[in-house]
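Numbering (my numbering), first residue to last: 42 to 455.
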């Protein structure tokens, strides 16, 4: 079956190549023909919303692994390059708006699950997670594998991992009352009238208030290019259990599944298995530089698929191509971006991260308790994961899934 699916994928690619004989020059001319300012703006907004809503979590993940400033900048270089190239390449390849992103839940999971894991071990886990994504893509196991893992358990684990970030948005009130409460009020107001720009507004208001209070430390920021920093991967059973497997599951269940759903909901039906394989392969290649997980985007992808991008659905792929270009630029200047975020006060970062993840936490909990048959097992998964328990050097995300799986087997009615 593996070789049959692989051969079918190769033949499908060959047929597509025969159908598209224009070559690079023809592709470029077609993009120029389909270009519109609305698509460019949609691509920019996609990157702005995606970056401002979750970049702080990526920086926290790097810090949890004791990354140096150079390594943190390298992470941004690798992630920007990975997202940019996959957005551009896949969108041009299939003429649909394919938007990729780093795994925000995956980054959040890293913050809570890498205790005792070294950077080389984490890099090895990133590569293994990418290899598993390539495997399920090439073999066509993606849909079948996800059907065997109850969505309720995966969603409960995700909500449990992210819960501490939600708490952080409000515990910041204790040390920075007016900063935090102003940002929370901004979030509520914009969620009511301009939900797409809520997190952008929160970050803007927080930055202005922090600057007015002298809490921004911008003196050390220099405009410079990011340089890739290679980390030789190593492998250990602790990193596989604590990082690689949970990262793979979170990325597939909470990122790639919604990403495919958004494509289908907007009437786009590109071949899914090759796209999944390319995201996994890109992760493997750039993981030694800090690309921990690349996946299909859902929330930000929707920006490129609406009428605001282009009235003609067949030309909205240009918005995703534009987003890819902006992502590459962010990656190239990753050192400056890293220094900029390091200049923000801790409470500002906590509030932005917490508010950005509120909807994901809520959606995870809603999916976890939706089906009565899995509800109790899902709650057990959520509680164990949220507890932060670490046993034998393995983080709570893994033990949450184990506990939920055992509960599912025990409580299953014949």
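Ideal Cβ placement from N, Cα and C applies to all residues, glycine included. Quantities reported herein were computed from a predicted structural model and do not represent experimental measurements.
**Prompt:** For residue 251 versus residue 257, is the C-beta distance shorter than 8 Å?
**Reply:** Yes, Cβ-Cβ distance for residue 251 and residue 257 is below 8 Å.
**Request:** Select from 445, 428 and 437 the residue whose C-alpha is nearest the C-alpha of residue 420.
**Result:** Of the candidates 445, 428 and 437, the one whose C-alpha sits nearest the C-alpha of residue 420 is 445.
**Prompt:** Where does residue 62 sit, in a helix, a strand or coil, going by DSSP?
**Reply:** Only weak support is given to the placement of residue 62: the predicted model assigns it a pLDDT of 48, under 50, and the question is left unresolved by the model.
**Asked** Should residue 134 be labelled buried (16 or more other beta-carbon atoms within 10 Å of its own) or exposed?
**Response** The residue is buried, with at least 16 neighbouring Cβ atoms inside 10 Å.
**Asked** For residue 337 versus residue 145, is the C-beta spacing smaller than 8 Å?
**Response** No, these two residues do not count as a Cβ contact at 8 Å.
**Request:** Kindly indicate which three-state DSSP category residue 158 falls into: helix, strand or coil?
**Result:** Coil.
**Prompt:** Counting along the chain, where does the alpha helix (DSSP H) carrying residue 396 start and finish?
**Reply:** Segment 387–397, the alpha helix (DSSP H) holding residue 396.
**Same chain, Cβ closer than 8 Å to residue 219, neighbours up to 5 away in sequence not counted** = Hits under 8 Å: 250.
**Request:** From the DSSP output, in three-state form, read off residue 349 for me.
**Result:** Judged by DSSP in its simplified three-state form, residue 349 adopts coil rather than helix or strand.
**Request:** Using the Cα positions of residue 137 and residue 366, report the straight-line distance between them to the nearest angstrom.
**Result:** C-alpha separation (whole angstroms): 16 Å.
**Same chain only: Cβ atoms within 7 Å of residue 335, ignoring 5 sequence neighbours per side** = 123, 124, 127, 141, 143, 320, 323 and 324, listed in sequence order.
**Item:** Chain-order list of residues whose beta-carbon lies under 6 Å from that of residue 313 (same chain, five-residue window excluded)
**Value:** Counting only Cβ-Cβ distances below 6 Å, and skipping sequence neighbours, we find 301.
**Request:** Go through its chain and collect everything with a Cβ distance to residue 49's Cβ below 7 Å, but skip five positions before and after it.
**Result:** Residue placement at residue 49 is flagged as unreliable, the pLDDT there being 48, under the threshold of 50; the coordinate-derived value follows with that caveat. Cβ neighbours of residue 49 beyond the five flanking positions: none.
**Request:** Could you say which of 412, 399, 448 and 175 lies nearest to residue 149 if we only look at CA atoms?
**Result:** The candidate whose alpha carbon is nearest that of residue 149 is 399.
**Whole runs of the beta strand (DSSP E) within the region 132–176, excluding any shorter than 3 residues** = Fully enclosed beta strand (DSSP E) runs of 3 or longer: 141–143.
**Proximity to residue 396 [Cα-Cα], best of 153, 174 and 213** = Residue 213 is the option with its Cα nearest to residue 396.
**Message:** On the DSSP bridge list, what partners appear for residue 335?
**Reply:** Its beta-bridge partners are 143.
**Asked** Leaving out five residues before and five after residue 441 in sequence, what residues of the same chain have Cβ atoms less than 6 Å from its Cβ?
**Response** 198, 201, 422, 425 and 426.
**Asked** residue 360 and residue 80: beta carbons closer than 8 Å?
**Response** A contact, by the Cβ cut-off of 8 Å.
**Message:** Considering only the alpha carbon of each residue, which of 109, 154 and 193 lies closest to residue 417?
**Reply:** Residue nearest to residue 417 within the set 109, 154 and 193 is 193 (criterion: CA-CA distance).
**Delimiting residues of the alpha helix (DSSP H) encompassing residue 412** = Where residue 412 is concerned, there is no enclosing alpha helix (DSSP H), given that its DSSP letter is neither H nor E.
**Request:** Compare the beta carbon distance of residue 269 and residue 119 with 8 Å and say whether it is the shorter of the two.
**Result:** Residue 269 places its beta carbon less than 8 Å from that of residue 119.
**Request:** Count the CB pairs spanning the region 149–158 and the region 101–109 that are closer than 8 Å, and state whether there are at least three.
**Result:** Judged by Cβ distances under 8 Å, the region 149–158 makes contact with the region 101–109, as three or more pairs qualify.
**Prompt:** Between residue 316 and residue 450, which are expected to be in contact by the criterion C-beta below 8 Å, what is the C-beta distance as a whole number of angstroms?
**Reply:** That pair is no contact at about 34 Å.
**Request:** Return the chain-ordered list of same chain residues with a C-beta closer than 7 Å to the C-beta of residue 204, the five sequence neighbours on each side being excluded.
**Result:** Same-chain partners within the cutoff: 402 and 427.
**Item:** Length of the line joining the Cα atoms of residue 429 and residue 392
**Value:** Looking at the two C-alpha atoms, the distance is approximately 21 Å.
**Asked** Just curious, the alpha helix (DSSP H) that residue 310 is in, first and last residue?
**Response** It is not in any alpha helix (DSSP H) - residue 310 carries neither H nor E in the DSSP assignment.
**Message:** Between 453, 387 and 431, which has its C-alpha nearest residue 415's C-alpha?
**Reply:** The shortest C-alpha separation from residue 415 is found at 453.
**Message:** Determine whether the beta carbon atoms of residue 271 and residue 330 lie at a separation below 8 Å.
**Reply:** Yes, they are a contact pair.
**Request:** Following the continuous alpha helix (DSSP H) through residue 247, name the residue where it begins and the one where it ends.
**Result:** First-last of the alpha helix (DSSP H) with residue 247: 239–253.
**Message:** Need the endpoints of the alpha helix (DSSP H) that residue 224 sits in, please.
**Reply:** Going by DSSP, residue 224 is part of the alpha helix (DSSP H) stretching over 218–234.
**Asked** What do you reckon, are the CB atoms on residue 115 and residue 195 nearer than 8 Å?
**Response** No Cβ-Cβ contact shorter than 8 Å links residue 115 with residue 195.
**Asked** What residue does the alpha helix (DSSP H) around residue 299 start on, and which one ends it?
**Response** Following the DSSP letters along the chain, one finds residue 299 inside the alpha helix (DSSP H) bounded by residues 298–306.
**Request:** Quick one: grab the DSSP three-state call for residue 432.
**Result:** Of the three classes helix, strand and coil, the one that applies to residue 432 here is strand, per DSSP.
**Asked** Helix, strand or coil: which one does DSSP assign to residue 384?
**Response** Three-state result, residue 384: coil.
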